[in-house]
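If you read the sequence shown in my numbering, its first letter stands for residue 1108, the second for the next number, and so on. We put the beta carbon where it would ideally sit given N, CA and C, even for glycine. Fair warning: this is a prediction, and the values are worked out from it, not measured in the lab. Reading through the structure tokens given below for one structure.
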Amino acid sequence: MKHYSKILSVPKREDPIPQTPKTDLDREIHKISTFIKTGLFTLSVITLSAVAIAQSQYKLNHSSTKVTNTSIMHPKELPIYCVDRKEKIVTLSFDAAWGNEETRKILSILKKKKVHVTFFMTGGWIEKYPEDVKAIAKDGHDLGNHSENHKQMSRLTANECMEEIMKPHQKVKALTGKDMILFRPPYGDYNNTLIQTLKGCNYYGIQWDVDSLDWKDYDASTIIRKVTEHKHLGNGSIILCHNGAKHTAEALDEMIRTLKGKGYELVPVSQLILKDNYTIRSDGRQCPGK
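In structure tokens form, the structure reads like this:
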């Protein structure tokens, strides 16, 4: 029995059992030891928290980088707002979507001033005033496309955009024999779908960088000032007017005289823009070179 009791007996504990400090020195050493252990534990917690935060920040940054790269891969395509030209040339353009009461007066002033401009016409306007369309073409002005129904183009599918572009195109072709190549979206509203569709239809998207605000029915002197003193007016500017606005015809003669007095030559959009080998900057300025 003694032999088996030795074999089955519980072994002695090898780890020392903590002893309560007996002297002041022992107690001080114990306090210091406890303080160090507590500090190391706190430092470990702080370190682990910092690592976790750093990892979260890295994931966030990595995710943001992906979003940024996506936007770089699919940048917004732009129409032409103005053109980088060394010469002092600008263009006058007229949107024709309603009314024709002032159209002949405008044409008369342009002929007297020997200035050619661009008219952007809707399909409805073309149908309603075919003789005005012919007169515009006969006087040597650009015939521009302003869509069939004056819709917000960014809300349309590619096929719907094509219909809005090609219906007025065919109407003008039938009336004048001319193929239009310039398109101004109603309300200046566009997206990548429209710009890509325009390219497929051999069109250039045209906006403006100088707005006469004539559609607000300002008086003639205000319209003249809005154009000739506009902060963006410069070489290659595209000026927006409307043939149906209340005081545009009244302002036109003096507007042209003032622009010429500043040294500008007025040309239609087709003579202002670059037809190939160009880029469009983020501000809409068309520049030579790829």
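Residue i to residue j, Cα distance in whole Å?
{"i": "M1362", "j": "D1318", "result": "13 Å"}
{"i": "L1379", "j": "D1316", "result": "14 Å"}
{"i": "S1328", "j": "N1266", "result": "43 Å"}
{"i": "Y1188", "j": "Y1325", "result": "23 Å"}
{"i": "C1268", "j": "D1296", "result": "12 Å"}
{"i": "H1257", "j": "T1386", "result": "28 Å"}
{"i": "G1341", "j": "K1221", "result": "21 Å"}
{"i": "I1346", "j": "G1368", "result": "16 Å"}
{"i": "H1169", "j": "P1182", "result": "The predicted position of H1169 is uncertain, since its pLDDT is 42 and thus under 50; a value taken from the coordinates is nonetheless stated next. The alpha-carbon atoms of H1169 and P1182 are separated by roughly 20 Å."}
{"i": "K1397", "j": "R1388", "result": "11 Å"}
{"i": "K1306", "j": "T1198", "result": "22 Å"}
{"i": "E1271", "j": "K1195", "result": "34 Å"}
{"i": "S1344", "j": "W1205", "result": "25 Å"}
{"i": "G1423", "j": "C1394", "result": "Shown here, the chain extends from 1108 to 1397; a query on residue 1423 therefore has no answer."}
{"i": "I1233", "j": "V1279", "result": "7 Å"}
{"i": "I1330", "j": "P1293", "result": "21 Å"}
From the DSSP secondary-structure annotation, give me the bridge partner or partners of residue i.
{"i": "R1291", "result": "Answer by DSSP bridge pairing: none, since R1291 is not bridged."}
{"i": "I1187", "result": "I1313"}
{"i": "H1349", "result": "D1202"}
{"i": "R1392", "result": "C1189"}
{"i": "N1256", "result": "In DSSP, N1256 forms no bridge with anything."}
{"i": "G1251", "result": "F1227"}
{"i": "Y1236", "result": "Answer by DSSP bridge pairing: none, since Y1236 is not bridged."}
{"i": "D1318", "result": "L1347"}
{"i": "I1387", "result": "Q1393"}
Got a sec? Which residues, its chain only, sit under 8 Å from residue i by beta carbon, not counting five neighbours each side?
{"i": "G1430", "result": "Examination of residue 1430 is not possible in this model, given that the chain is present from 1108 through 1397 alone."}
{"i": "K1274", "result": "G1230, E1255"}
{"i": "I1213", "result": "F1201, N1350, T1355, A1356, L1359"}
{"i": "K1353", "result": "D1321, D1324"}
{"i": "H1276", "result": "N1252, D1286, M1287, C1308"}
{"i": "Y1310", "result": "N1252, I1272, M1287, I1288, L1289, F1290"}
DSSP three-state call for residue i: helix, strand or coil?
{"i": "E1267", "result": "helix"}
{"i": "N1299", "result": "helix"}
{"i": "Q1378", "result": "helix"}
{"i": "Q1277", "result": "helix"}
{"i": "L1373", "result": "strand"}
{"i": "C1326", "result": "With the sequence shown as reference, residue 1326 is identified as Asp, and Cys is not the correct amino acid for it. DSSP places D1326 in coil when its eight states are reduced to three."}
{"i": "T1229", "result": "coil"}
{"i": "D1202", "result": "strand"}
{"i": "V1197", "result": "strand"}
{"i": "L1366", "result": "helix"}
{"i": "K1306", "result": "helix"}
Leaving out five residues before and five after residue i in sequence, what residues of the same chain have Cβ atoms less than 6 Å from its Cβ?
{"i": "P1237", "result": "L1282"}
{"i": "N1207", "result": "Y1236, D1239"}
Assuming residue i and residue j are in contact, meaning their beta carbons sit under 8 Å apart, how far apart are those beta carbons, in whole angstroms?
{"i": "I1302", "j": "E1209", "result": "Contact doesn't hold; Cβ gap of about 32 Å is too wide."}
{"i": "L1373", "j": "T1335", "result": "Contact flag wrong, Cβ pair sits at about 12 Å."}
Take residue i and list the residues in its own chain whose beta-carbon comes closer than 7 Å to its own, dropping the five residues that flank it on each side.
{"i": "H1339", "result": "D1316, V1317"}
{"i": "N1298", "result": "S1261"}
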